[in-house]
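Visitor: Dumping the structure here so I can ask a few things about it.
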Amino acid sequence: MASIIELNDIRKVYGGVIVGVDHVSMSVEDGEFVTLLGPSGCGKSTLLRMIGGFEQPTAGQIVLAGRDVTYEPPHKRDVNMVFQDYALFPHMTVGENISYGLRMMGLPRSETRSKAVEALDLVGLPEKIDQKPHELSGGQRQRIALARAIVRNPKVLLLDEPLSALDANLREQMQVELKHMHEKVGITFIMVTHDQTEALVMSDRVIVMEKGRVAQDGTPAELYDHPETPYVANFIGTTNFLPARVLSRDGGSVVVEAGGTRIIAEVGGALPEGEHIRIGIRPEKLHFAESGASGPGNTLEGRIEEQIYYGLGMRTVVRLAEGSTVLVDGLLPEAVARTTLPEIGSNVRLSIAPHNVRVFAAEN
Amino acid sequence: MSTASTDTAMISTVSRARKPGLVSRYAADMAFMAFVALLMAFLYVPIWVLIIFSFNDSRTLTWPLSGFTLDWYGTLFSNQDLLAAIGNSFYVATSATILTLIVGIPAAMAINKFQFPGKALFRRLILLPITLPGIVTGISMLNMFRLFGFNLSLETVILGHATALLSVVVTQVYSRLQRLPRSLDEASADLGAKGWQTFLYVTLPNLKTAIIGAALLSFVLSFDEIPVTFFLTGRENTLPMYIYSTMRRGVTPEINAVGTLIVLASLVLIVISVIMSREANRSRQSL
């Protein structure tokens, strides 16, 4: 597949001092669904607005379908945006809102109307064509904003936190709907969000941003299972971090001392003996081991401090022998089955497979 | 423990207060109504006096009324000076309103849209005339026109009014612009609209009611303006100036008739502006 949009070494500096976006390069393939993920202030929205043409980079280049559009105004770019507040024109009907972009292209009124009807069918709201935006619910407005943006059949559709204004249930439903929409229309989607679930559920590829830079760029599975930095490991899902020291290396695995015991981790790359590092373990990869049994893999010992019930499962806080705490997530059937074992105050053994232990540089 | 005791204390006060509460509340309501009635009388009795005497068939404004007549409206329409003054007032108010809109709308948009050095100062300078007494605006503009060798005429009055009213238009339009999300402009540009198209199809329709409101207000303020007009007019006179000059010979029933007509016209304008602002409120819910 060919890349539809390329950002080359983009920098955005405000007032000569504050760096919003710092040497970001990325390339998005035609038809891809890419999400820029990060906390507020990480530069993801600025990046999106630069692609849309609402802001200009201080340095760098934006290439859209082979054409340099870095300094082109928004109305000359073949991209459309779904705004966070939807930005529907309050004085126009839904139909007029959707036709607006087509009218600006110079299409005759009869044609714009039929295309608007088509777009409304696509988002499942054909009966709303003559209503005003204020008569619609939040979710409906969101769909209208989407219809208005895709009716122009842009090369790239930009979505700025499109679901943030919706309540939790609707958001979950719209996540799936947006994903289906992407598959149906085949337009490249670039979305900005601070919600990691949204990013994982919807995207082909997620670009995690930190302080104006790209922290990691990969598929949702890559990011979740192989985070490259503690920042990514913590931003996507939850991770237990334990300070560790390298004891020995053996082929593809390394033995470290952490949590008051020896832990084997499967890692590549060089790690000198005695090096202080950190290991990261996902809460759901930790399991309660049968007492007494010492199977293959690693075992951590500790005492149960707290149990948090969250419907789908149970999160257990375990204080390890040397003092630090780890979180253990179990799905509820399992947690229920083990109600005899994990009682607050009781001693437990946790097991973790070596390939589920991640190794990171020490905190400095 | 302590919350429970305060709760019971509250409940007992409520039940104890219920019976005398009703009576005292009734009394308070009555007192309030009386106050409102008094206030309304203070505001509107003079206007009713004016209207009633415009239909009274006596030349002198004395009680009791002697009989009903429409003669004063008849003489009003045969008084050439008065008609000319009304015509002049319409000419001045309309022109001043249009002029102030032409200058004020772009000024408000500039204040809203652009960041430039001295912006706060620019805003204050535009808003200043609203706090300046008309007499100051009048004298200073008179000096200026003299300096540049302008002859005083209705046109100089128009310039004076437009200056004094600019702040009205800018304030109204600017406050509406501030409530409009910036994303509307961006969405319009994103959908392929050039700057002027965004202004014409998105900004202006959303400013419509604010502009109409400002225009109505400007028109009315200009229509009954005296201080600025006093200094800047030439040989021709506007209606308030004419009324003022004839008043020196005492209030005539014609003046009452003119006053009644003005009240009627104001009423129509008020109704229009109320309907307009109600529409604006309704569409603003969507923002």
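So the sequences go chain by chain: A and B.
Taking my numbering, I'd label the letters of the first sequence as residues 1 to 364.
Taking my numbering, I'd label the letters of the second sequence as residues 365 to 651.
Every residue, glycine too, gets a C-beta built ideally from N, C-alpha and C.
1) Is the region 516 to 529 of chain B close to the region 579 to 587 of chain B, with three or more CB pairs under 8 Å?
2) Mind checking the region 160 to 191 of chain A against chain B and listing, in chain order, the residues whose C-beta falls within less than 7 Å of any C-beta there?
3) Got a sec? Which residues, its chain only, sit under 8 Å from Pro126(A) by beta carbon, not counting five neighbours each side?
4) Mind reading off the beta-carbon distance from Lys179(A) to Met202(A)? Whole number of angstroms is fine, and I expect it under 8 Å.
5) Determine the burial state of Pro410(B): buried for a count of at least 16 other Cβ atoms within 10 Å of its Cβ, exposed for fewer.
6) Once DSSP output is grouped into helix, strand and coil, what is the label at Met191(A)?
7) Any chance the region 75 to 86 of chain A sits against the region 21 to 35 of chain A, with 3 or more Cβ pairs inside 8 Å?
8) Counting only the same chain and skipping the five closest in sequence on each side, list residues whose C-beta sits under 7 Å from that of Thr464(B).
9) Identify whether Glu6(A) lies in helix, strand or coil by the three-state DSSP scheme.
10) Thinking Met104(A) and Gly556(B) are a contact (beta carbons under 8 Å), I'd like their distance in whole angstroms, please.
11) Would you check if the region 150 to 159 of chain A and the region 189 to 209 of chain A touch, i.e. whether three or more CB-CB distances between them fall below 8 Å?
12) Pick from Ser248(A), Val318(A) and Met26(A): whose alpha carbon is nearest that of Glu275(A)?
13) CA-CA distance, Met374(B) and Ser539(B)?
14) Whose C-beta lies closer than 8 Å to the C-beta of Cys42(A) among residues of the same chain, with five residues either side of it excluded?
15) At 8 Å on the CB atoms, spell out the chain A contacts of Gln479(B), in chain order.
16) Whole angstroms is fine: what's the gap from Ser114(A)'s alpha carbon to Ser552(B)'s?
17) Of the choices Ser99(A), Val317(A), Leu320(A) and Gly252(A), whose alpha-carbon is the least far from that of Pro354(A)?
18) So, does the CB of Lys558(B) fall closer than 7 Å to a CB anywhere in chain A?
19) Just to make sure I have the definition right: I need the residues of chain B whose C-beta is within less than 7 Å of the C-beta of Asp85(A). Which are they?
20) Does any residue of chain B have a CB that is nearer than 7 Å to the CB of Met105(A)?
21) Could you give the residue range of the alpha helix (DSSP H) that holds Gln216(A)?
22) Does the distance from the CB of Pro230(A) to the CB of Phe54(A) come in under 7 Å?
23) Residues of chain B with CB under 9 Å from His75(A), in chain order?
24) Only counting the same chain, and skipping five residues up and downstream in sequence, which positions put a Cβ closer than 6 Å to that of Asp549(B)?
25) At a CB-CB cut-off below 7 Å, which residues of chain A make contact with Pro569(B)?
26) Using only CA atoms, which one of Ile4(A), Tyr309(A), Ala321(A) and Leu312(A) lies nearest to Arg303(A)?
27) Please report the straight-line C-alpha distance between Leu7(A) and Ala265(A), rounded to a whole angstrom.
28) Going along chain A in order, which residues have a C-beta closer than 7 Å to the C-beta of Val566(B)?
29) Just the chain B side, please: which residues come within less than 7 Å of Met81(A) by C-beta, in chain order?
30) Please confirm if Tyr100(A) has its CB atom under 7 Å from at least one CB of chain B.
31) The alpha helix (DSSP H) with Ser539(B) in it runs from where to where?
32) Do you know how far the Cα of Phe89(A) is from the Cα of Val566(B)?
33) Can you list, in chain order, the stretches of the beta strand (DSSP E) that have 3 or more residues and sit fully within the region 580 to 610 of chain B?
34) Among residues of its own chain, excluding the 5 on either side of Asn601(B), which ones have a beta-carbon nearer than 6 Å to its beta-carbon?
35) Is there a C-beta anywhere in chain A that falls below 7 Å from the one on Ser379(B)?
36) Taking Val24(A) as the reference, give the member of His226(A), Lys132(A), Gln216(A) and Pro154(A) with the closest Cα.
Guide: For this structure:
1) These segments touch.
2) none
3) Val117 and Leu120
4) 5 Å
5) exposed
6) Here Met191(A) sits in strand by DSSP.
7) no
8) Ala526, Leu529, Leu530, Val533 and Ser582
9) strand
10) 4 Å
11) yes
12) For Glu275(A), the nearest C-alpha among the options comes from Ser248(A).
13) Per-residue confidence for Met374(B) stands at a pLDDT of 46, beneath the threshold of 50, marking its modelled position as unreliable; no derived number is given.
14) Met209, Glu210, Lys211 and Gly212
15) The contacting residues do not exist; Gln479(B) stays about 12 Å from chain A at best.
16) 21 Å
17) Gly252(A)
18) yes
19) Pro545 and Ser547
20) yes
21) That residue, Gln216(A), is in no alpha helix (DSSP H); its beta strand (DSSP E) goes Arg213 to Gly218.
22) In this structure, Pro230(A) lies away from Phe54(A), with their beta-carbon atoms at least 7 Å apart.
23) Near His75(A) (Cβ distances below 9 Å), the residues of chain B are Ser552, Ala553, Asp554, Leu555, Gly556, Ala557, Lys558, Gly559, Gln561 and Thr562.
24) Cβ within range, chain order: Thr562.
25) His91
26) Ala321(A)
27) 37 Å
28) Phe89
29) Asp554
30) yes
31) Leu518 to Arg543
32) When rounded, the distance between both Cα atoms is 7 Å.
33) If only complete runs of 3 or more residues are kept, the region 580 to 610 of chain B shows no beta strand (DSSP E) anywhere.
34) Ala449
35) Since pLDDT at Ser379(B) reaches only 48, below the 50 mark, its modelled position is unreliable, and no value is offered.
36) The residue with the shortest Cα to Cα distance from Val24(A) is Gln216(A).
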